Each structure stands twice: as C-alpha cells, then as structure tokens.
Amino acid sequence: MLDNDISKVVQADRAHVWHHLFQHRALDSKDPRVIVEGNGLKVWDQNGREFLDAVSGGVWTVNVGYGRENIADAVRDQLVRMNYFAGAAGSIPGAIFAEKLIEKMPGMSRVYYTNSGSEANEKAFKMVRQIAHKRYGGKKHKILFRERDYHGTTIGTLSAGGQPERVAQYGPLAPGFVEVPHCLEYRAQWDDADYGRRAADAIEEVILREGPETVGALCLEPITAGGGVITPPEGYWPRVQEICRKYDVLLHIDEVVCGVGRTGTWFGYQHYGIEPDFVTMAKGVASGYAAIACCVTTEAVFDLFRSDAEDPMDHFRDISTFGGCTAGPAAAIVNMEIIEQENLLENCTQMGARMMAHLEAMKIRHPIVGDVRGKGLFLGAELVSDRATKAPLDEKLVARVVAECDARGVILGMTNRSLPGLNNTICLSPALTVTAEEIDQIAEVLDQALAVVGGLAAETAA
Ligand code: PMP
Numbered sequence: 261m262l263d264n265d266i267s268k269v270v271q272a273d274r275a276h277v278w279h280h281l282f283q284h285r286a287l288d289s290k291d292p293r294v295i296v297e298g299n300g301l302k303v304w305d306q307n308g309r310e311f312l313d314a315v316s317g318g319v320w321t322v323n324v325g326y327g328r329e330n331i332a333d334a335v336r337d338q339l340v341r342m343n344y345f346a347g348a349a350g351s352i353p354g355a356i357f358a359e360k361l362i363e364k365m366p367g368m369s370r371v372y373y374t375n376s377g378s379e380a381n382e383k384a385f386k387m388v389r390q391i392a393h394k395r396y397g398g399k400k401h402k403i404l405f406r407e408r409d410y411h412g413t414t415i416g417t418l419s420a421g422g423q424p425e426r427v428a429q430y431g432p433l434a435p436g437f438v439e440v441p442h443c444l445e446y447r448a449q450w451d452d453a454d455y456g457r458r459a460a461d462a463i464e465e466v467i468l469r470e471g472p473e474t475v476g477a478l479c480l481e482p483i484t485a486g487g488g489v490i491t492p493p494e495g496y497w498p499r500v501q502e503i504c505r506k507y508d509v510l511l512h513i514d515e516v517v518c519g520v521g522r523t524g525t526w527f528g529y530q531h532y533g534i535e536p537d538f539v540t541m542a543k544g545v546a547s548g549y550a551a552i553a554c555c556v557t558t559e560a561v562f563d564l565f566r567s568d569a570e571d572p573m574d575h576f577r578d579i580s581t582f583g584g585c586t587a588g589p590a591a592a593i594v595n596m597e598i599i600e601q602e603n604l605l606e607n608c609t610q611m612g613a614r615m616m617a618h619l620e621a622m623k624i625r626h627p628i629v630g631d632v633r634g635k636g637l638f639l640g641a642e643l644v645s646d647r648a649t650k651a652p653l654d655e656k657l658v659a660r661v662v663a664e665c666d667a668r669g670v671i672l673g674m675t676n677r678s679l680p681g682l683n684n685t686i687c688l689s690p691a692l693t694v695t696a697e698e699i700d701q702i703a704e705v706l707d708q709a710l711a712v713v714g715g716l717a718a719e720t721a722a
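The numbering used here numbers the first residue of the sequence shown as 261 and each following residue consecutively.
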C-alpha cells in the first residue's frame, strides 16, 4: 500500500507537507528526508541510507525501539474489535493501562487520556483553574512555570513557555502564567554554595511577590529537556516540595520527555522523592506506535470534582475526542510490558552511565564541550566557544556537529533555542534497548564531529 514509487513520495512530500520545526528554504537545494523503515535503533531513508538513531525518533519518543511487531499486533487486534468510543464510556485497554500505570506511580490515582503532551498539560491547567473557581472564588488561578522549560505548542501551554524564542511571535498569550527562574547551575544566577536550595527559594520569592492566595500551581519538568537538558542541583526538589506545601500550591510535573523509563526510573520525579499532584506524560507512553498522552492526578484532586459538586452536572467540563481511541492504551500496555520483560530501566541506567563516561572523556578532549548533563539515557553536552567565559558556541557550529554526525550515519539532536544565543546543547537519547556497542559507536561518531567542529571554532577564533 505504502510502497509507492519513492520518487513520487518525495515529490508529494515536497509539494504538500509542511514539516515541523523546519525552515523549508533548506529544500530549495535538496530533497526532503523521508524515513521509510526502522528496526531497533536503526532507520533507513528513501535512498536506503542507514542511520543509528540516537534521539529516539527525533524527540525522545521511541523508548522501546523500532519494529515492535507485538505492539503492532496488539493495536491491530484492538482496532478490529473496538477502535473508538468517546465521552463517558470506558474501554478495555483504557482501564487496563490506567491500572498498570498507577501501579508504577505510588500516590497517584486517576488517568485522564488525551492525544499529545500539550493537551495533557492543558488538562492539568484547566483542572487547576476549575479548582480555583470551586474553592477560591477564582482567585488562586495563577500557574507558575520555569524559565527554559517547555510545556507545549498550544496558546495555553506557550503561555507557560520558558523559551522566549518559541513564544515571542505567537502573542498575545493567555493571562495568569508567571515565570520563575531556571536552576541551571552551570549558568548560575546566584553565588551560593547551596545552589539547589537558592534556586528553589527563587520560586518562593515569586509566590510571595504574586501573593500566595493567587497561585494555584507550579508546573516544572523534572529535568528540563529542550531548554538545555538541565538536571536540577542537589537540594532543589525537596525545597520545591516544601514551598508548594507551605503555600498550598499544586505541583504539576511535566514528564512528557522523562516519563516511561527515559531516565532509568519509570518517571523522572521518582529520582527525587517528590509527591506531585499532577503528572503529565506523552512521548514514551506508547513509544510513538500510537498517539497517547495522559494527565494523571491524585484521588484528592479527583475528589474535589466529586465532593464539591452539589449540582450533578458540575464536573470537569472537558473532553478530548481521540481520548476515546483505543489504539493508544493498547499500544501503551505492551510498551510497558516490554520495558518490564526486557529490564529496560536497568539497561537505561547502565547504558546511560556508559554514555556519560564517554561524554566526560570528550569534555576533557574537546575544549568546546563546556558541560555534560543528564540522567539515564537522557543526556546533553553544552557547547561553548570559550570555556572560561562560557560563551555559547555559535548555533551554526552546533548544527554542524549534528550534521557531521548525520554524515557519519548517526542522528543526534540539539536543544531548541531557549534563551537567545543559547541554542547550544547536543542531545542524546537513544532507545532504552541500546547496546554497549551502539553506545560506543554513537560516542565515536560524536567524538569525530566534535574534533571537526572544534577545529572550525578555533579557526573562527583565530
Ligand atoms: N512537555 C515537554 C517537556 C515537551 O518536551 C513537549 C514536546 N517536546 C511537550 C510538553 C509537548 O508535547 P506534544 O508535542 O506532544 O504536544
């Protein structure tokens, strides 16, 4: 069915597809890339070129790797039995996956199905707003977000967007979203030995400035992804939790990237002993085999929508049309079973440590590597033109590192431009199935690319 004459496919793509995150002028001089097949960590393009995918489908998604027939079979079986029913009705895979998921999330209780990470975050925002209306006369409605974090592409989630360049041209934004400072110690904003605590205290300062009676929730990525692969400093999370409890601010953890194994635990927040009120997730939930995202919350939050309801029609007035599609949970069940049966959390931790050791070694060898960060198989290397001043490496040279790897058959990523001039972190996030040989291969190619670009950077500086 899909095996059309590939040149016609390329022609159709060039003529009619508007690619994501892409300046189409690049296609004036070359064909679009069409990925036609995948297996494990390998993908092939329309010309039969093979690549090792070190970013799990471009954006940290295909956690269990390509070509999983058992996921495809489960989705097929479910779709021919019952593909979809929307609204108040449940489904067999929806119920089973919710139960499996909650088993991995002590303290959490209810799963609200949606289609995308942005939408899952919007649901949490709407729940916070409705709680404000139910309980606080609409006053406790503000949602805090952190500089450099990203929560999605809708106007609501962009209003909670800490990456100015992704937001600037889409205003006016929604009111009631307030930024708190980032916590990246490498680019420290405070001179304090207890940096984690200090960075968290900055959140308290914002709450006090805004008035705690107006602040409903704090939304944070456990480890910031597109904003620079930022692992929060020691002491940050316990203090954040303390602040949220002190001011009755609901804690919303955005696990769209870190969720479902990416960092070596089921969820990123579980490294830090946090007890969130909302957890949102998307990418790795079904590893891209079907579109599924979830907004998960506690029984206490859920109960507010039940016990406060004097009017039986007073409920969470929200629906997601494709939240009723069964392909997502059917795929997610098998995805989770694969992670369990193949011990992929353990593999993630071990292979992540192996890659991190390579990155540490590259930091010694290549002066353009300023900092290396991350957890499990969610890693980044921040590139600089001058280690002493930490001046970010020119974005075109960072892109050149990615291009040099691509030319050598390894697909890498780079962070989105978070703060102007700081689009300078290389991202590595291979599937959790990655082997030691594949890690070494990725590292070897990255090492070569850094050598080439290090040379170019030195020439530019001279
Ligand atoms: N949150 C985070 C942390 C993300 O990285 C992303 C997407 N990259 C989103 C939310 C939005 O997810 P989606 O693209 O599925 O809407």
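Heads up, the beta-carbon is just placed ideally off N, CA and C, and yes, glycines get one too. Predicted model only: the values in this text are computed from it and were never measured.
DSSP beta-bridge partners of Thr685
Glu642
Same chain, Cβ closer than 7 Å to Thr720, five either side skipped, listed in chain order:
none
On the DSSP bridge list, what partners appear for Cys479?
Phe405 and His512
Extent of the continuous beta strand (DSSP E) run through Cys554
Per DSSP, the unbroken beta strand (DSSP E) holding Cys554 starts and ends at Ala553 to Thr557.
Could you tell me whether the stretch 324 to 341 touches the stretch 295 to 314, using the rule of 3 or more Cβ pairs below 8 Å?
Contact holds between the stretch 324 to 341 and the stretch 295 to 314, because three or more Cβ pairs, one in each stretch, are under 8 Å apart.
Does the distance from the CB of Gly524 to the CB of Gly636 come in under 8 Å?
yes
C-alpha gap between Glu697 and Leu710, whole angstroms
If you take the alpha carbons of Glu697 and Leu710, they lie about 20 Å apart.
Determine whether the beta carbon atoms of Met342 and Thr557 lie at a separation below 8 Å.
Taking 8 Å as the Cβ cut-off, Met342 and Thr557 do not qualify as a contacting pair.
Taking 8 Å as the threshold (C-beta atoms), are Leu404 and Val303 in contact?
no
Sort Ala459, Ala703, Arg274 and Ala434 by Cα distance to Glu445 and report the nearest one.
Ala459
Report the rounded CA-to-CA distance for Pro493 versus Arg668, giving the unit in angstroms.
Spanning the alpha carbons of Pro493 and Arg668 requires a straight line of approximately 35 Å.
With hydrogens ignored, establish whether the beta-carbon of Val707 is closer than 7 Å to any heavy atom of ligand 1.
At residue 707 the sequence reads Asp, which differs from the Val that was named. Asp707 has its CB no nearer than 7 Å to any heavy atom of ligand 1.
Using only CA atoms, which one of Arg336, Leu281, Asp288 and Gly308 lies nearest to Val319?
Leu281
So within the stretch 294 to 374, which uninterrupted beta strand (DSSP E) runs reach at least 3 residues, ignoring any that extend past its ends?
295 to 299, 302 to 305, 310 to 313 and 370 to 374
Please confirm whether any heavy atom of ligand 1 lies closer than 7 Å to the CB of Gly377.
yes
Would you check if the distance between the CB atom of Lys360 and the CB atom of Ile513 is smaller than 8 Å?
No, the pair does not count as a contact, with Cβ atoms beyond the cut-off.
From the DSSP secondary-structure annotation, give me the bridge partner or partners of Phe538.
His512 and Thr557
Sub-8 Å separation of Val545 and Gly519 beta-carbons
yes
Give me the Cα-Cα distance between Ala334 and His618, rounded to the nearest whole angstrom.
C-alpha separation (whole angstroms): 38 Å.
Neighbourhood of Val712 by C-beta distance below 6 Å, restricted to the same chain and skipping five residues each side
Glu664
With DSSP as the reference, identify every bridge partner of Glu439, one or two as the case may be.
Phe405
Is the Cβ of Ala546 closer than 8 Å to any Cβ of chain D?
Note that chain D does not occur in the displayed structure, where there is just one protein chain.
Could you have a look at Val705 and say whether DSSP puts it in helix, strand or coil?
helix
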